[in-house]
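Taken in order, these protein sequences are the chains called A and H. Read left to right, the first sequence gives residues 1 to 196 (UniProt numbering). Read left to right, the second sequence gives residues 1 to 196 (UniProt numbering). Heads up, the beta-carbon is just placed ideally off N, CA and C, and yes, glycines get one too. Reading through the structure tokens given below for one structure.
Protein chains: 2
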Amino acid sequence: MGKIVTSASMSLDGYISGPDESGFEHLFGWHQGGDVEFSAADPRWSFRTTEASAGHLREQLAGTGALVVGRRLFDVTEGWGGNHPFGVPVFVVTHRKPDDPPFPGGPFTFVTDGVESAIAQARQVAGGKDVGVAAGQMARQALAAGLLEEIGVDLVPVLLGGGIRFFDTIADAPVVLGAPRVIEGNGVTHLRYPVR
Amino acid sequence: MGKIVTSASMSLDGYISGPDESGFEHLFGWHQGGDVEFSAADPRWSFRTTEASAGHLREQLAGTGALVVGRRLFDVTEGWGGNHPFGVPVFVVTHRKPDDPPFPGGPFTFVTDGVESAIAQARQVAGGKDVGVAAGQMARQALAAGLLEEIGVDLVPVLLGGGIRFFDTIADAPVVLGAPRVIEGNGVTHLRYPVR
């Protein structure tokens, strides 16, 4: 069975978004880090990066069967315009279902009974592949529930000085992780830590 | 001429000390990560780690000619018992010189006119080697003054959930760093980022 994983591009000082939703040109600069093309099913998500980073992304894309995301991420991205670039079912954890759910017929299911329920539903449809959990708050809740099995950090050489942290208010700390798999890109160090 | 550098063992969630000065057994677990002996001039600082980490430490030790540290670090370590394990001159940045400076004849010089002055004095005696700046607050001040040339992070696979952050209140963010040198240890990923 697939794993429950989270991953994010993170600045060296721990932010997945800079102040006032700034800094993405730095956090995702590695998406233009080379001349090897990477394309998701969705043509909007196509860019040129290093062979190492492209291989890493291809593996992530091929290994992911469903996603669990927070309502905030869904709203900020405006529902990825109706379809997540990964092209998989997306379970949106929310306190309250929208009265008029956007993108009917799209991949989105609104879940009001928490991240554990959303992960269980995502597992059902993931076809044995991984379930990706995003962003930080959802990942921390999955970690606290003992469900998270891998933490991926795409560590970017920039200090953003403020914004939204990937790791904040970790329950039950210290949490000891396993040794990471390390892949060096251009403008990024990909780190994948197993949760013990 | 040597560089102005800082480095620290940091948890994946950004802490160089856990809550209430806890977590050091995790942050420095890699000091017992293998069977290759590393010894500083000072026999108190001797441990067994991987060949990769030992080589990294030997290089750091041999390359460091003087240190600039904050008063807090000096006090917390109780002046390293009178001599820093690196065996080099140490400039302690403080608001007020102690009335009765500890360890007379020791390597410590108390500097009351700020980190820039301390770095200038350290450079004078570093014999062309690097000047190490510690800990976080001193490093951030050196960065803000445009003096810091390298940031080293010994990234440890643990989430500490609280404590003292290495990077906090960065002035003039975003600060774009260069590509890191990456060395994989056991229980640590050594990352060395040039400041541009």
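Sequence-distant residues of its chain with Cβ nearer than 6 angstroms to residue i (five each side left out)
i, result
"residue 122 of chain H", "66, 68, 91 and 131"
"residue 118 of chain H", "68, 91, 93 and 111"
"residue 144 of chain A", "171"
"residue 147 of chain H", "4 and 119"
"residue 29 of chain H", "187"
"residue 115 of chain H", "93, 138, 141 and 142"
"residue 21 of chain A", "none"
"residue 54 of chain H", "36 and 38"
"residue 7 of chain A", "152"
"residue 127 of chain H", "65"
Close beta carbons around residue i, own chain, < 8 angstroms, minus the five adjacent residues each side
i, result
"residue 101 of chain H", "108 and 110"
"residue 83 of chain H", "42, 103, 106 and 107"
"residue 85 of chain H", "40, 41, 42, 44 and 45"
"residue 149 of chain A", "3, 4, 5, 194 and 195"
"residue 97 of chain H", "110 and 112"
"residue 24 of chain H", "17 and 18"
"residue 95 of chain A", "71 and 112"
"residue 165 of chain A", "14, 15, 16 and 136"
"residue 198 of chain A", "Any property of residue 198 of chain A remains undetermined from this structure, which presents chain A solely from 1 to 196."
"residue 1 of chain H", "123 and 128"
Residue i, DSSP secondary structure in three states
i, result
"residue 4 of chain A", "strand"
"residue 167 of chain H", "coil"
"residue 195 of chain A", "strand"
"residue 105 of chain H", "coil"
"residue 88 of chain A", "coil"
"residue 74 of chain A", "helix"
"residue 149 of chain A", "coil"
"residue 20 of chain H", "helix"
"residue 160 of chain H", "coil"
"residue 132 of chain A", "strand"
"residue 58 of chain H", "helix"
"residue 29 of chain A", "helix"
"residue 199 of chain A", "No information on residue 199 of chain A is available, as it lies outside the stretch 1 to 196 that chain A covers here."
"residue 139 of chain A", "helix"
"residue 48 of chain H", "strand"
"residue 63 of chain H", "helix"
"residue 93 of chain A", "strand"
"residue 111 of chain H", "strand"
"residue 188 of chain A", "coil"
Beta-carbon gap between residue i and residue j smaller than 8 angstroms
i, j, result
"residue 174 of chain H", "residue 31 of chain A", "no"
"residue 133 of chain H", "residue 10 of chain H", "no"
"residue 138 of chain H", "residue 87 of chain H", "no"
"residue 157 of chain H", "residue 125 of chain H", "no"
"residue 189 of chain H", "residue 191 of chain A", "yes"
Beta-carbon contacts of residue i that lie in its chain and below 7 angstroms, excluding the five residues immediately before and after
i, result
"residue 73 of chain A", "134 and 135"
"residue 61 of chain A", "40 and 86"
"residue 155 of chain H", "10, 12, 188, 189 and 191"
"residue 52 of chain A", "183, 184 and 185"
"residue 64 of chain H", "86, 88, 129, 130 and 132"
"residue 80 of chain H", "none"
"residue 48 of chain A", "32, 34, 35, 36 and 37"
"residue 50 of chain A", "33, 34, 36, 185 and 186"
Any C-beta of chain D under 8 angstroms from that of residue i
i, result
"residue 191 of chain A", "The question asks about chain D, but that chain is absent: this structure's protein chains are A and H."
Residue i Cβ short of 7 angstroms to the ligand FMN heavy atom set
i, result
"residue 161 of chain H", "Absent from the structure shown: the ligand FMN. Ligands present: none."
Q) How about the region 161-175 of chain H and the region 185-192 of chain H: do they share at least three Cβ pairs that are nearer than 8 angstroms? A) Inter-segment contact for the region 161-175 of chain H and the region 185-192 of chain H is absent: fewer than three beta-carbon pairs are separated by less than 8 angstroms.
Q. Is there contact between the region 2-22 of chain A and the region 151-163 of chain A, where contact requires at least three CB pairs shorter than 8 angstroms?
A. Short answer: they touch.
(Q) Tell me whether the region 21-38 of chain H and the region 172-181 of chain H touch, counting them as touching only if at least three CB pairs, one residue from each stretch, are closer than 8 angstroms. (A) Cβ pair count under 8 angstroms is below three, so no.
Q: Mind checking the region 174-186 of chain H against chain A and listing, in chain order, the residues whose C-beta falls within less than 8 angstroms of any C-beta there?
A: Against chain A - using a Cβ distance shorter than 8 angstroms - the residues of the region 174-186 of chain H are 174, 175, 176, 177, 178, 179, 180, 182, 184 and 186.
Q. Which of the residues in the region 67-95 of chain H, read from start to end, lie with their CB under 7 angstroms from any CB of chain A?
A. Within the region 67-95 of chain H, no residue qualifies.
Q | Chain-ordered residues of the region 13-35 of chain A with a beta carbon less than 7 angstroms from chain H | A | The residues in question are 13, 14, 18, 23 and 26.
Q | the region 121-141 of chain H: positions lying closer than 9 angstroms to chain A by Cβ | A | Considering only beta carbons, no part of the region 121-141 of chain H lies closer than 9 angstroms to chain A.
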